[in-house]
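Down below is the structure, laid out as structure tokens.
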Amino acid sequence: MNKTEPQEASVRINKYLAQCGVASRREADRLVASGEVMINGRVEREAGSKVVPGRDEVVVSGRMLALPEERQVYILLNKPKNYITTNRDEKERQTVMDLVSVRERVFPVGRLDRKSTGLLLLTNDGDLAHKLMHPSSGVLKEYLAWLDKPFSHRDLAKLTGGMRLNDTGEKVSPCKAKILGDGEQVLVTLHEGKNHQVRRMFWSLGYDVRRLDRVSYAGLAVGRLKRGEWRYLTDKEVAELQRLCAP
Numbered sequence: 176m177n178k179t180e181p182q183e184a185s186v187r188i189n190k191y192l193a194q195c196g197v198a199s200r201r202e203a204d205r206l207v208a209s210g211e212v213m214i215n216g217r218v219e220r221e222a223g224s225k226v227v228p229g230r231d232e233v234v235v236s237g238r239m240l241a242l243p244e245e246r247q248v249y250i251l252l253n254k255p256k257n258y259i260t261t262n263r264d265e266k267e268r269q270t271v272m273d274l275v276s277v278r279e280r281v282f283p284v285g286r287l288d289r290k291s292t293g294l295l296l297l298t299n300d301g302d303l304a305h306k307l308m309h310p311s312s313g314v315l316k317e318y319l320a321w322l323d324k325p326f327s328h329r330d331l332a333k334l335t336g337g338m339r340l341n342d343t344g345e346k347v348s349p350c351k352a353k354i355l356g357d358g359e360q361v362l363v364t365l366h367e368g369k370n371h372q373v374r375r376m377f378w379s380l381g382y383d384v385r386r387l388d389r390v391s392y393a394g395l396a397v398g399r400l401k402r403g404e405w406r407y408l409t410d411k412e413v414a415e416l417q418r419l420c421a422p
């Protein structure tokens, strides 16, 4: 009796083009629709078509593609609103991976909810990502929150003193906070990363967060990057992250 040949893993054409560094997934869909992509000698116009890396021949604008050997990469993205922080969304909503055009298979370090914006790291260095996300690393994250009303100075000690969240009774660690401007903006610095933590902290004190932007992560900032733009970290920045996570 003959053994069944193992089925080779296939990927969507837009993902394959992004992994090869040709374009973001969104731009890849445009390339397919415009007839600039050929699979095994035939023009492919279906965005949902799949290929098997290493087996199928893919040509874009006359250039044959191939996945390179994977190297470790570190990316800083200024996340826009309404993008999901995941590699794939079952509802087929836009994800942060649609914004990044790299050959390597990177993944987000931690999460930002769909409505939140700001600094997000992506990498294929699983060891460093795990250390950055682990509470023991003490990596600081800084958020700027816009509230539905001025924040009372009387609530500042409650916010920073290691409060309990009203929805679950869960206790969070002490943090730092600074009231800005007219009081409707508060800068919060913490090292934890519980689900929707900043929004839940303000909600527990009677405030709604209208807008939330992560302005800093482990000492990194978005700088001049506009929403949706990204860049590679420098060697110096990567070394500093590794130093922060060292035992």
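Start counting the sequence shown at 176; every next residue gets the next number (this note's numbering). We treat Cβ as the ideally placed atom computed from N, Cα and C, and that holds for glycine.
Check	Outcome
Could you tell me which uninterrupted alpha helix (DSSP H) segments, each at least 4 residues in length, are contained entirely in the stretch 320–362, listed from first to last along the chain?	331–335
Applying the 10 Å Cβ sphere with the 16-neighbour rule, what's the burial state of residue 377?	buried
List the whole-angstrom C-beta distance separating residue 361 from residue 354, where the pair is believed to meet the contact cut-off of C-beta under 8 Å.	6 Å
Should residue 316 and residue 407 be called a contact, given that it needs their Cβ atoms to be closer than 8 Å?	no
Is DSSP giving residue 200 helix, strand or coil here?	helix
Would DSSP call residue 232 helix, strand or coil?	coil
To which residues of the same chain is residue 342 closer than 7 Å at the C-beta, ignoring the five residues directly before and after it?	375
Using DSSP with H/G/I as helix, E/B as strand and the rest coil, what is residue 191?	helix
Quick check: residue 261 and residue 284, are their CB atoms within less than 8 Å of each other?	no
Nearest by alpha-carbon distance to residue 344: which of 322, 329, 379 is it?	379
Spell out the partners DSSP gives residue 405 in its beta bridges.	252
What residues match up with residue 283 in a beta bridge as DSSP calls it?	297
So residue 410 is in the alpha helix (DSSP H); what residue range does that whole segment cover?	410–419
Is DSSP giving residue 388 helix, strand or coil here?	strand
Compute the distance between the beta-carbons of residue 187 and residue 225, then report whether it is under 8 Å.	yes
Please state if the CB of residue 292 and the CB of residue 157 are separated by a distance shorter than 8 Å.	This structure cannot speak to residue 157, because the chain is shown only from 176 to 422.
Starting from the Cα of residue 413, find the closest Cα among 395, 402, 404 and give me that residue.	395
State the start and end residues of the unbroken beta strand (DSSP E) segment that holds residue 213.	212–214
Considering only their Cβ atoms, is the gap separating residue 416 from residue 307 smaller than 8 Å?	yes
Cutting at 8 Å between CB atoms, please list the residues of its own chain near residue 264, excluding the five before and the five after it.	270
Rounded to whole angstroms, what's the CA-CA distance from residue 318 to residue 294? Just pull it up for me.	10 Å
Under the assumption that residue 257 contacts residue 289 (Cβ atoms under 8 Å), give the Cβ distance between them as a whole number of angstroms.	6 Å
When the distance is taken between beta carbons, is residue 207 closer than 8 Å to residue 222?	yes
What residue range does the alpha helix (DSSP H) around residue 374 cover?	372–379
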